[in-house]
Amino acid sequence: MFKILDKRELAPKIYEMTVEAPRVAKSAQPGQFIIVRTDEEGERIPLTICDYDRERGTVTIVTQIVGISSNKICAMEPGDSFADFAGPLGRPSDLLDIPLEELKKKNILFVAGGVGTAPVYPQAKWLHEHGVRCDVIIGARNKDLFTYVDEMSRVADVHLCTDDGSTGFHGLVTALMDHLIENDGRRFDHCVIIGPMIMMKFAAMNTKKHGIPTMVSLNALMVDGTGMCGACRVSVGGKTLFTCVDGPEFDGHQVDFDEAMRRQNMYRGNKKTNPETHKCSCHGS
Amino acid sequence: MAVKIPRTPVREQDPQVRATNFEEVCYGYNAEEAALEASRCLNCPRPRCVQACPVGLNIPGFIKALHEGDTAGAAAIIAQDSSLPSVCGRVCPQESQCEGSCVLGIKSEPVAIGKLERYVGDWKIAHSAECADTLAPRNGHKVAVIGSGPSGLACASDLARLGYEVKIFEALHKVGGVLVYGIPEFRLPKEAIVAREVDNVRKLGVEIETDVVVGRTITIDQLMDDEGYEAVFIGSGAGLPRFMGIPGENLNGVFSANEYLTRANLMKAYDKDYDTPIYEGKRIVVVGGGNVAMDAVRTAKRMGAEAFIVYRRSEAELPARVEEVHHAKQEGIEFRMLTNPVAVLGDEQGKVTGIECVRMELGEPDESGRRRPVEIPDSKYTLECDTVIMALGTSPNPLIKHTTAGLDTNRKGCIVADEQGRTTRPGIFAGGDAVTGAATVILAMGAGRKAAAAIHEYISSK
C-alpha cells in the first residue's frame, strides 16, 4: 500500500498528491511515469511523475478529474493509501542523455498546456539543478486554470498565455511561441511539449515550421505499462512503437497525432466509461 | 483387470450455458470418481509418464496413495515435485506429456492423470490447515526471484524448502504471472485456485513484493549489490506481444490477445464492479491457433460476441491443447482454417469493419516439420468483424536485458541459459518463457526447479 502524505487543489478539478513510494522515488527520473490503482476494482492509470524526493521517499503526481478513475484518485485524502503505485516506467527524458556541457549551450523551450504543466516541472527542475537555464511557456484557457506557475518560476523563465487574455499573453501557446521567436528574437534549439494531444499536435507543427527539434510526451491508454499489452501503440515515423516502453517521449515531428487521438477515444461510449465526462485516460491532459 | 475399467468421464458445465459465463468449464472428479480412476493405474515398474513430465512428478506414487484412500499422502508425494498441482492438473498439455505416454493409452485410454492431479491439488487447498508444510530452518542466504509466474513460483518453492530466504519481485499488482493475466477464469479460477496455491508457496516462507518492475524500479545489479541477494532467478516470462505488420493494425478495435485477456482476466473487465473497460465487439476475429488464441476467442464469446478463429494452417496443426479446441467448438466458436489475414479494414472513423484474408493450402513440410501453408492465388475475401485480436505469440520483454550488463540474449530476445538455468552472468539464473519464448506452464516450472538446484549448488560452493 502506498500512503498519500499531502494533497492540495491546484485549480478546479486538478489535484496534487505526494505519495510514499520509496522504491519509485529512489529510481525516478524526469520524463518517467507511474501506474496507480486506487483499489481492488480500480483501473491501472498512468500518471507522469511531477516531482520526487529521494530522501523522503515520496513521489508527487497531479491528476485532473476527467472520468471515473481520475475521480476516484482525486477523492482520496492524506492518510489513505493507493493499492498500487508501480514505477518509474518509461524512458527518462532525452535531455538526460545529452552531455551537460552541450546542454548548457542549448536554448531549451518547454511548452506546457493544462495539466501537462506539472510533468514539465521535474525536467525544468533537473536542468536548473544542473545549471542549465530554460524557458517554459504555460498555456491555459483562463487565469484560474494555471498550475505549478510558482514552482516553475523558481527553476525557469516562465511565459504565461491564456485563451481569453485574463493573464499574460493573449492567445494560444503557438502564438506565444511565434511572438517569442519573431518579436523578441529568441532562438530555441530544443523543445519539449507536454499537454493535451491536440495542443501537442499544433505546437509540434509550429516548432517544425521554426525548425526546432521537438519531443512530445504522449498520454496513451495503457493497461500494464510494462510493454505487455500494446494498448499504447503509436505510429512514429511510420513505425509502430509502444508508448510505455519506447516512450512516453517521442519525436513530435514524427508522431501520427490523428491516429493517437483516435486511439485515445477507443472506449468512448463503452458501458464502463462515463460519456459525460470521461474523455480519455488521465495522464497528462 | 484394471484395463477393463473405462476412463472415468469428467463432468463439465453445459456448453450453451458456460458460453455465457466465466465459471469454470470442468467440474473435476469427486472422491468416488477419483478413486475409480486411480484404480486404473498399472503402477508400471518403469513409468513412462514420469519421464514425460517436465517436473518428473511421481505419478504412479501419488495415484497409488489415492487408490489406497490416502489423499493426504498423495498430496505430500506431489508436493515433493510441484507446488502447483491444481494449476497443472488444469492447464498442462497432458495428451502430449504424461497421458500421452501412459501404457494404457496403447490399447485403451490413458489414465486421467491431469484430472487426478487436479483432484489432489484441490483437496489440498480445501484441507490446507491439515497439511501445512513444515518450514525448513533458514540457512541465511538470500535469493531474489523475478516474476511470480510458474517458473518463479517453482524456483522459489524449491529454494525455500532448502532453507533459503527467498523474495519474489512481481511487476504487476497480482501474483501469478500468466496464471492471472493470461489464462481465463473459466479454465483456471483465480481466487479459488491460483491465489490458494500461491498461499501454499508463501507458507513455505517465500516473501512476495508486487509493483516492482525489475529493470525500472530496481535493477538486478542493485538487488545483488544493495539488497544483498547472492543469486537472482529471472522468470519474467514472455510478455511482449507480436503483431503481423499488416496494414490497419492500429485501427480502433485491433488488440493483442495479451491486452484483451489482461483486461478480462487481471483487470476483471467482464465484471461490472470493476472499472477497466473492454471493447464491446459484436463480431470478433481471433488470429492464431494456440492456447492463447483459444482463451481469447472463448473470452470473446462469453462477452456476447460472435467469435471466429482464423488460422493459416489446418486443424491438425493447431498448437492448442486438444481439450481447448474441443471446448471452443462445443461453445460455438467458428473455425476458419487455412486462412491468412493480409489487412485489417476500417471505416472513416478508424474503426475496424473487417479483415481481408487469403485462403491457403498446405505445401511441403517446413523447418518445424509441419506442412508449410501456401497462398492460393486470387483467393482474397473479406470477413466482416468489428474487432480483431492478434494471438500470434509473444517474446520476452527486453527491459531486463537492457538494464543488466553481460546478460546475453539470442536473436529472438530470449535470455541465453544452459539446461540448469545458468546465464552468461555468474549468480544470475533464468528459466521459463524468458529463456524459451512462449511455452507451457509445466515446462516453466521444470526450468524453475532445475535453476533452484543450480542456485543451491552455486551458493553452497561459494
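For the protein sequence lines, the chains are V and L, in the order given.
Heads up: the first sequence begins at 98 in this note's numbering, then just goes up one per residue.
Heads up: the second sequence begins at 616 in this note's numbering, then just goes up one per residue.
Using N, Cα and C, we set each Cβ at its ideal position, and we do this for glycine too.
- Query: Name the chain V residues that come within less than 9 Å of residue 858 of chain L, Cβ to Cβ?
  - Reply: 327, 330 and 337
- Message: Which same chain residues end up closer than 7 Å to residue 864 of chain L when comparing Cβ atoms and leaving out the 5 residues on each side of it in sequence?
- Response: 858 and 959
- Task: Answer yes or no: does any C-beta atom of chain V fall closer than 7 Å to that of residue 865 of chain L?
- Result: yes
- Item | Strand pairing of residue 256 of chain V, partner residues [DSSP] | V:234
- Item | Range of the contiguous alpha helix (DSSP H) that encloses residue 642 of chain L | Per DSSP, residue 642 of chain L belongs to no alpha helix (DSSP H) and is neither H nor E.
- Residues of chain V with CB under 7 Å from residue 781 of chain L, in chain order? Simply none; closest approach about 19 Å.
- With burial defined as no fewer than 16 other Cβ atoms inside 10 Å of the residue's Cβ, what is the status of residue 220 of chain V: buried or exposed? buried
- Task: Using the Cα positions of residue 332 of chain V and residue 361 of chain V, report the straight-line distance between them to the nearest angstrom.
- Result: 13 Å
- Message: For residue 368 of chain V and residue 895 of chain L, what's the separation of their Cα atoms in angstroms?
- Response: 9 Å
- Rounded to whole angstroms, what's the CA-CA distance from residue 1034 of chain L to residue 683 of chain L? Just pull it up for me. 37 Å
- When the Cα of residue 646 of chain L is compared with those of L:735, L:871, L:725 and L:782, which residue comes out closest? L:735
- Message: Against residue 723 of chain L, what residues of chain V qualify as contacts under a CB-to-CB distance less than 7 Å, listed in chain order?
- Response: Those do not exist, as residue 723 of chain L stays about 43 Å from chain V at its closest Cβ, beyond 7 Å.
- Message: List, in chain order, every chain V residue whose beta-carbon is nearer than 9 Å to that of residue 892 of chain L.
- Response: 140, 363, 364, 367, 368, 369 and 370
- Contacting residues, own chain, Cβ-Cβ under 6 Å from residue 1014 of chain L (five flanking each side not counted): 830
- Where residue 874 of chain L and residue 944 of chain L are concerned, what is the direct C-alpha to C-alpha distance, given to the nearest angstrom? 23 Å
- Item | Min CB distance residue 106 of chain V to chain L below 7 Å | no
- Query: How do the region 798-812 of chain L and the region 202-221 of chain V stand: do at least 3 beta-carbon pairs fall below 8 Å, yes or no?
  - Reply: no
- Quick one: using the 10 Å Cβ neighbour count with 16 as the cut-off for buried, is residue 267 of chain V buried or exposed? exposed
- Query: For residue 330 of chain V, which beta-bridge partners are listed by DSSP?
  - Reply: V:339
- Run down chain L in chain order and give the residues with a C-beta less than 8 Å from the C-beta of residue 356 of chain V. 865 and 965
- Do residue 1095 of chain L and residue 1061 of chain L have their C-beta atoms within less than 7 Å of each other? This structure gives no information on residue 1095 of chain L, because the portion of chain L shown stretches from 616 to 1077.
- Query: What does residue 878 of chain L reach in chain V if we use C-beta pairs closer than 9 Å?
  - Reply: 320, 326 and 328
- Query: Closest Cβ-Cβ distance between residue 1017 of chain L and chain C: below 7 Å?
  - Reply: The structure shown has no chain C; the protein chains it does contain are V and L.
- Query: Exposed or buried, what is residue 271 of chain V when buried is set at 16 or more other beta-carbons lying within 10 Å of its beta-carbon?
  - Reply: buried
- Proximal residues to residue 962 of chain L (C-beta, below 7 Å), its chain only, five neighbours per side dropped: 968
- Item | Identified DSSP bridge partners for residue 148 of chain V | V:157
- Task: Starting from residue 103 of chain V, follow the alpha helix (DSSP H) in both directions and report where the run begins and ends.
- Result: That residue, residue 103 of chain V, is in no alpha helix (DSSP H); its beta strand (DSSP E) goes 99-108.
- Query: For residue 1019 of chain L, which of L:833, L:1007 and L:880 has the nearest alpha-carbon?
  - Reply: L:833
- Query: Quick one: which chain V residues come within Cβ less than 7 Å of residue 889 of chain L?
  - Reply: 138
- Item | First and last residue of the uninterrupted beta strand (DSSP E) at residue 960 of chain L | 954-961
- What are the start and end residues of each continuous alpha helix (DSSP H) run of 4 or more residues lying completely inside the region 639-710 of chain L, in chain order? 646-653, 663-667, 674-682, 686-694 and 700-706
- Any non-hydrogen atom of the ligand PLP within 6 Å of residue 886 of chain L CB: Absent from the structure shown: the ligand PLP. Ligands present: none.
- Message: Only counting the same chain, and skipping five residues up and downstream in sequence, which positions put a Cβ closer than 6 Å to that of residue 243 of chain V?
- Response: 237
- Message: Just to make sure I have the definition right: I need the residues of chain L whose C-beta is within less than 7 Å of the C-beta of residue 165 of chain V. Which are they?
- Response: 890
- Query: Does the distance from the C-beta atom of residue 146 of chain V to that of residue 183 of chain V stay below 7 Å?
  - Reply: no
- Mind the definition here: the region 151-165 of chain V touches the region 272-285 of chain V only if three or more C-beta pairs lie below 8 Å; say whether that holds. no
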